[in-house]
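Asks: Quick one: the structure is below, and I'll ask about it shortly.
Protein chains: 2
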Amino acid sequence: MGMDPRHAILFEPVRIGPKTLPNRFYQVPHASGFGSARPRAQAAFRGIKAEGGWGGVCVEYAAVSADSDEIPAISADLWDDADGRALALTAAAVHAHGALAGLELFHGGAASANGSSRGVRLAPSQRGSQAQWGGLAAEMTADDITRVRRDWVTAARRAADAGFDIVYVYGAHGYLMTQFISPVTNRRTDGYGGSLANRGRFWLETLAAVRDAVGDRCAIATRMSAHGRRGLPGIETDEMLRLVAMASDLVDLFDLTVGSWPEDSGSSRFYPEGHQSDWTHRFREATSKPIVAVGRYTSPDVMARVVASGAVDLIGSARQAIADPFLPAKVRAGRLDEIRECTGSNLCILREETFNQIGCAQNATAGEEYRRGWHPELLPAATNSGQPVLIVGAGPAGLECAVTLGRRGFGQVHLVEAEPEIGGRLAWIRRLPTLGDWGRIVDYRAVQLARLPGVEVLTGRRLTAAEIVDYGAPIVVLATGSTWRGDGAQPGHPDPMPGADPAVPWVLTPEQVAAGVRPPGPRVVVYDADGYFMGSALADLLAREGSRVTIVTTFPVLSPVSDETLEGEALREHVHRAGIDVVHATTVTAIQAVPGGPVTLTGTDRYAEAWSAVCDGVVLVTMQSSNDALHAELTADRGALAAAGISLYRIGDALAPRLISEAIFDGHRLAREIDGPDPAVPAPYRRERAGR
Amino acid sequence: MGMDPRHAILFEPVRIGPKTLPNRFYQVPHASGFGSARPRAQAAFRGIKAEGGWGGVCVEYAAVSADSDEIPAISADLWDDADGRALALTAAAVHAHGALAGLELFHGGAASANGSSRGVRLAPSQRGSQAQWGGLAAEMTADDITRVRRDWVTAARRAADAGFDIVYVYGAHGYLMTQFISPVTNRRTDGYGGSLANRGRFWLETLAAVRDAVGDRCAIATRMSAHGRRGLPGIETDEMLRLVAMASDLVDLFDLTVGSWPEDSGSSRFYPEGHQSDWTHRFREATSKPIVAVGRYTSPDVMARVVASGAVDLIGSARQAIADPFLPAKVRAGRLDEIRECTGSNLCILREETFNQIGCAQNATAGEEYRRGWHPELLPAATNSGQPVLIVGAGPAGLECAVTLGRRGFGQVHLVEAEPEIGGRLAWIRRLPTLGDWGRIVDYRAVQLARLPGVEVLTGRRLTAAEIVDYGAPIVVLATGSTWRGDGAQPGHPDPMPGADPAVPWVLTPEQVAAGVRPPGPRVVVYDADGYFMGSALADLLAREGSRVTIVTTFPVLSPVSDETLEGEALREHVHRAGIDVVHATTVTAIQAVPGGPVTLTGTDRYAEAWSAVCDGVVLVTMQSSNDALHAELTADRGALAAAGISLYRIGDALAPRLISEAIFDGHRLAREIDGPDPAVPAPYRRERAGR
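Okay, structure coming up:
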């Protein structure tokens, strides 16, 4: 196979100021959890993208001074020369594969955390500074403005010295530059407030100063936001276009985003691919300089069309480059069906929002390049690859484990699935409203499995413990998944809930709803003690079919997990528009009903006072349970297992129900370490730390 | 002065197993934000307590293996030998002052975060494991139990090798040991579930194994919880007493706590000093081994009485040892009025809960011992101490700055306060319900000021800008504080709110309420867009006086900041019991009224739908503003300032309204760096990091 000629346009070099990008694939700055604190992990994470063919690879936001301490979030500080030396590892790793390295210099202004440094936050104005628990910002004096500009120049010099080819003046996403631009946050009456020219002055002055300092050595990039659907407080797109025109002579590359971060990185549940283009593609009106914009594009056909349209010069990517660092190489080789497409689940962002290092629902190796030495495409042959392996269950963990074992050279892997189709719970989750793109997890692996001669998939076959013992496989992996509890047991209340019995028609589990079972009347309560997507997705489904749905949730906001995936606001708006009521901070503790009569739910409100509601049926989204019957039966007689020479492992939800990214990681890890001393326990990984 | 003989009992040595504590002052394990990741900061932070006279000084929870990865919270991992070498610095720093060093080995079980490691959580049972967003734990197999016990022994050996004198088997606060003990979380049917002997088996086995391994080299401690007021799910105190009796032979020191962590570390707003003793003092019934228990004690008289009662052998302290590491030395020297008493604000815990390093509302040097080189008692003389200094404003920041300058040898510091009493806003905050102990911030500094000959306090004197210029002080520090806005401007809505005018009787500011102004009728809305203590404290005050109070808050829970100080649950219960209604997730955008008529508040609910309510008056707790008029006037003519030879600084809320701990830090920092190259900008501090 070779490259489809329609994709050749993506491999054209692009000149940006004094530098030339080797192609149009550009990994925009995005958080990794490594910053400058874990410089080897950062270098390996970015280097793999350059190796996979991305022509430009950027590090995440790097603070120009201690004014912006982001802890516990991890930014790539560039406060001093030691930080510069740490980040130089990344520039070198990116250069090793012929790509250009970018560093996104930033100042958080009023949005800085500063919890560790304990420094005061700075802002154009105090009044408009977003309060963090009453912790407002100090209005910048003229001296402050001078100092921050000087710090930016110093940081830019450090970035150039560290080998970076592209230096940003990061202005999007509500940080200091945007705080100056927006009249909502900028209430100044001096030369830096009022007219657009005044509000843009700090940005333009900083761009000019950085260009003066390093413009001969580096391409100067800036990141700006258009208005978008959800808006950018106080800033219209037309005004940003005028600012772009003012900045055009100072900038070698415009990196364009929309509105708020939750919109810019909108999930697949609520935003289609390319949703930003209505706004970002307008910027061509204002500048002829190179433009990069993101769109969560996964298809090279679409990428080529977008470039050919002339609206952008580079295809920006964050999430797709995480899901598949080798996308450019695969496009060039014409191996299009091997692209691991981003699901848009935003579990990568959840990891960052919970202050952990990057991870990915599709790519288990993301973030593990250095500490575990995992390469996304090159897998070492296993020393025990001659042994037959039986994997029971073809859900996400089982699929990933089978694919990874196959790529490690195992020649006799049987992946046995009880249901007629592979995918495990994803087989039905992908059919729920808004969750279709999650099916890419299954689709990618189905293609891989078809290509791996050592892996055989058998569906529709439910194995017994005895059959497993007799199967002839010395390595047995149980990936039997988990099931939503029908007995109403829930976090903090592990005993069954009186009246919770999925055998009666008015009590349903998510699996029953997915299988088409419906409550006996139109008034349905979805009881969500889980807090992620399942409650709202089922409510959405039932409401679309005409039920009058109320979600009762134990949480004070609906689906707090969705805030970590940036979906919270969109989700709640979606649910409200669907006419679904929500009762917050309420725990259901009993269900009472007689056949044909109304169903009464009783429980407690947020003050532990009695609460009740009447409905025709309730869907219990309380808690999952591992499907561990096979494991229990097999381990009841350890002697028999030993006699049969079987090493038994559990992965994914069969071990413990978790986020789908973690189930896949689990299946991958076992396959990576299957020839280690004790595959059941994760091997130690390298940690970067301060020495004693 | 010398020690009061009544306090001599506190300085008796106490034998614990093979070791002897030099006295009865014992800093129990508590988080610092340093762990083993910042070993020099950890060593300096703990070493200063040994220097201040604490006879036992412990490091925070240290995970025995990668099973418990607490990131982004900072635990003192002891996963490998490198971690042991890092923590050895702390043992050495503690030994340097003759104290014993303790290490609290722990396993989080189902409560582990594991977001960074991505390892599965382990628990006695999956069903009872607290779900973190559907992320349940794996039920431990027999192999898992064996492995964890072995890991504990390995970690204990590492701790002993690192020089620690006291090694814990940490069982309190809901971690793995408690998960085994509680029948709510332990649903096992094997030898580790069921009876107390079975549920306690893992704990006792681990104690025995650790004792076998290092019992000759180390004292073996364990930390257990009694039931307390809020309870410990499934565990009664009598059952814990029986467990203590079973463990007594294996243990050299019992470290006793109560119930949940929010109760154990209860704030002064909702828990009196020594509130735990009703439960913890019962443990003497079950063991004659040494016992340590905490009580947020600040008075040596009380401490001596508690020891003399025989209920405990050691005075455990976390928060008071943070507020004043030199409390034991001060007691020994009879300098009792120099003790910096803990306010019980729990801002130390807020810093940990927000994943930052430790800080303290009273002691600005806490956590800064290594990175900024600050000692709480020994301050270097300033090179410019001969210069007169004018500090305008005697609130927390001004007081701290004046005291610190005085201790640095400044001989002509004038602290000028416009009000008749010092304290700034604390002068009235301390008189609000539940907030009395916060007044200790003022009281401690008042004592210091009276002793510092170089500092003069002038109250009741409101200086004009011209008077400041003419004052004759080349160093001028503005600490003029902040004021609650009366115009209804609020986070995200910085423009004035229509109808918000504190000149009308139905619109009040917090300052007006504190000054005795009351709404014209009984139906009062406190509008809380701030999220910390002010809204609930004012509501409490008005409700106690008979008003019918409703809190309308922009947040989905009342006072989310209080969750970070562990006060959330107690606060909401307190407010509910006071008969105060709460309307959540609602934004007020306008106030309409005519004199004598009802007041109508209009705004939007959580879905941005129209909302309204009727009342007789509204208290606006929306946002603060720095009192910056003097600063504006003084800096309007920079030439005049320069001509007068004045260096002008701002500190505390006058610069930016923040948490009180940060205002005090700000005043301290300026005084520490007043002879640096640019005192207005924090000097760089040492960072411990992975080298390149």
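Taken in sequence, the protein lines are chains A and B. Under the numbering used here, the residue at position 25 of the first sequence is numbered 25, and the numbers go up by one with no gaps. Adding 692 to a residue's 1-based position in the second sequence gives its number in the numbering used here. Don't be surprised by glycine CBs; every beta carbon is placed ideally from N, CA and C. This structure is a prediction, so every number in the text was calculated from the model and none was measured.
Run down chain B in chain order and give the residues with a C-beta less than 8 angstroms from the C-beta of residue 662 (chain A).
Replies: By Cβ distance, chain B contributes 810 and 827.
Asks: Applying the 10 Å Cβ sphere with the 16-neighbour rule, what's the burial state of residue 245 (chain A)?
Replies: With fewer than 16 Cβ atoms within 10 Å of its Cβ, residue 245 (chain A) is classed as exposed.
Asks: Is it buried or exposed, residue 294 (chain A), if we count other Cβ atoms within 10 angstroms and call 16 or more buried?
Replies: Buried, by the Cβ-count rule.
Asks: Using alpha carbons as the reference points, say which of A:296, A:360, A:607 and A:455 lies closest to residue 348 (chain A).
Replies: Nearest C-alpha to residue 348 (chain A): A:360.
Asks: If the criterion is Cβ atoms closer than 8 angstroms, does the pair residue 313 (chain A) and residue 290 (chain A) meet it?
Replies: Going by C-beta atoms, residue 313 (chain A) is nearer than 8 angstroms to residue 290 (chain A).
Asks: For residue 698 (chain B) and residue 993 (chain B), which I take to be in contact (beta-carbon distance under 8 angstroms), what is that distance rounded to the nearest angstrom?
Replies: Between residue 993 (chain B) and residue 698 (chain B) the Cβ distance is about 7 angstroms, and since that is below 8 angstroms, they are a contact.
Asks: Taking the continuous alpha helix (DSSP H) assigned at residue 1040 (chain B), which residues delimit it?
Replies: Its alpha helix (DSSP H) spans residues 1039 to 1045.
Asks: Is it true that the CB of residue 318 (chain A) sits closer than 8 angstroms to the CB of residue 42 (chain A)?
Replies: No, they are not a contact pair.
Asks: Step through the CB atoms of chain A and report whether any lies within less than 8 angstroms of the CB of residue 1046 (chain B).
Replies: Output row for residue 1046 (chain B): interface = yes.
Asks: Quick one: give me the first and last residue of the beta strand (DSSP E) that residue 19 (chain A) is part of.
Replies: Segment 19 to 21, the beta strand (DSSP E) holding residue 19 (chain A).
Asks: When we look at the beta-carbon of residue 303 (chain A) and count the other beta-carbons within 10 Å, is it buried (16 or more) or exposed?
Replies: Per the 10 Å Cβ criterion, buried.
Asks: Quick one: using the 10 Å Cβ neighbour count with 16 as the cut-off for buried, is residue 404 (chain A) buried or exposed?
Replies: Answer is buried; the Cβ neighbour count reaches 16.
Asks: Should the stretch 784 to 800 of chain B be regarded as contacting the stretch 737 to 744 of chain B, the criterion being three or more beta carbon pairs within less than 8 angstroms?
Replies: The stretch 784 to 800 of chain B is in contact with the stretch 737 to 744 of chain B.
Asks: Would you identify the three-state DSSP class for residue 1255 (chain B), choosing helix, strand or coil?
Replies: Note: residue 1255 (chain B) maps to helix in three-state DSSP.
Asks: Starting from the Cα of residue 1296 (chain B), find the closest Cα among B:1257, B:1246 and B:1284 and give me that residue.
Replies: For residue 1296 (chain B), the nearest C-alpha among the options comes from B:1246.
Asks: What does DSSP give as the partner residue(s) for residue 1342 (chain B) in the beta ladder?
Replies: According to DSSP, residue 1342 (chain B) bridges with B:1170.
Asks: Jot down the residue ranges of each uninterrupted beta strand (DSSP E) in the stretch 700 to 762 of chain B, minimum 3 residues, whole runs only, in chain order.
Replies: Entirely contained in the stretch 700 to 762 of chain B, the beta strand (DSSP E) runs reaching 3 residues are, in chain order, 706 to 708, 711 to 713, 717 to 719 and 748 to 755.
Asks: With residue 64 (chain A) and residue 106 (chain A) assumed to form a contact (beta carbons below 8 angstroms), what rounded beta-carbon distance in angstroms separates them?
Replies: Confirmed, about 7 angstroms.
Asks: Compare the C-beta of residue 71 (chain A) against all C-beta atoms of chain B and say whether one is closer than 8 angstroms.
Replies: Chain B, which has a Cβ nearer than 8 angstroms to the Cβ of residue 71 (chain A), makes this yes.
Asks: Restricting to runs no shorter than 4 residues, where is the alpha helix (DSSP H) found entirely within the stretch 282 to 366 of chain A?
Replies: 300 to 308, 319 to 323, 327 to 332 and 347 to 353, all fully within the stretch 282 to 366 of chain A.
Asks: Could you tell me which chain B residues have their CB closer than 7 angstroms to the CB of residue 498 (chain A), listed as they occur along the chain?
Replies: By Cβ distance, chain B contributes nothing, its closest Cβ being about 17 angstroms from residue 498 (chain A), past 7 angstroms.
Asks: Below 8 angstroms on C-beta distance, what does residue 184 (chain A) contact in chain B?
Replies: Those are 1186, listed as they occur along chain B.
Asks: Measure the alpha-carbon distance for residue 1165 (chain B) versus residue 1106 (chain B) and round it to whole angstroms.
Replies: Roughly 9 angstroms separates the two Cα atoms.
Asks: Beta-carbon separation of residue 1452 (chain B) and residue 1356 (chain B) under 8 angstroms?
Replies: No information on residue 1452 (chain B) is available, as it lies outside the stretch 693 to 1384 that chain B covers here.
Asks: Rounded to whole angstroms, what is the Cα-Cα separation between residue 1268 (chain B) and residue 607 (chain A)?
Replies: C-alpha separation (whole angstroms): 7 angstroms.
Asks: In chain A, what lies closer than 9 angstroms to residue 1357 (chain B) by C-beta?
Replies: Near residue 1357 (chain B) (Cβ distances below 9 angstroms), the residues of chain A are 118.
Asks: Tell me the DSSP bridge mates of residue 1241 (chain B)?
Replies: Answer is B:1216.
Asks: Closest by CA to residue 24 (chain A), which one among A:85, A:263, A:342 and A:332?
Replies: It is A:332.
Asks: Beta-carbon of residue 576 (chain A) versus every beta-carbon of chain B: anything under 8 angstroms?
Replies: For residue 576 (chain A), the answer is yes, since a Cβ of chain B falls inside 8 angstroms of its Cβ.
Asks: Measuring only between beta-carbons, confirm whether residue 80 (chain A) sits less than 8 angstroms from chain B.
Replies: Yes - at least one Cβ of chain B is within 8 angstroms of the one on residue 80 (chain A).
Asks: Taking residue 1334 (chain B) as the query, report the chain A residues whose CB atoms sit under 7 angstroms from its CB, ordered along the chain.
Replies: Simply none; closest approach about 13 angstroms.
Asks: Taking only three categories from DSSP, how would you classify residue 603 (chain A)?
Replies: Three-state DSSP puts residue 603 (chain A) in a strand.
Asks: Comparing the C-beta of residue 694 (chain A) with each C-beta of chain B, is any distance below 8 angstroms?
Replies: Residue 694 (chain A) cannot be examined here, being either before or after the span of chain A that is shown, 1 to 692.
Asks: From residue 935 (chain B) to residue 888 (chain B), what distance separates their C-alpha atoms?
Replies: Each residue's alpha carbon lies about 8 angstroms from the other.
Asks: Residue 223 (chain A) by DSSP, collapsed to three states: which one?
Replies: Here residue 223 (chain A) sits in strand by DSSP.
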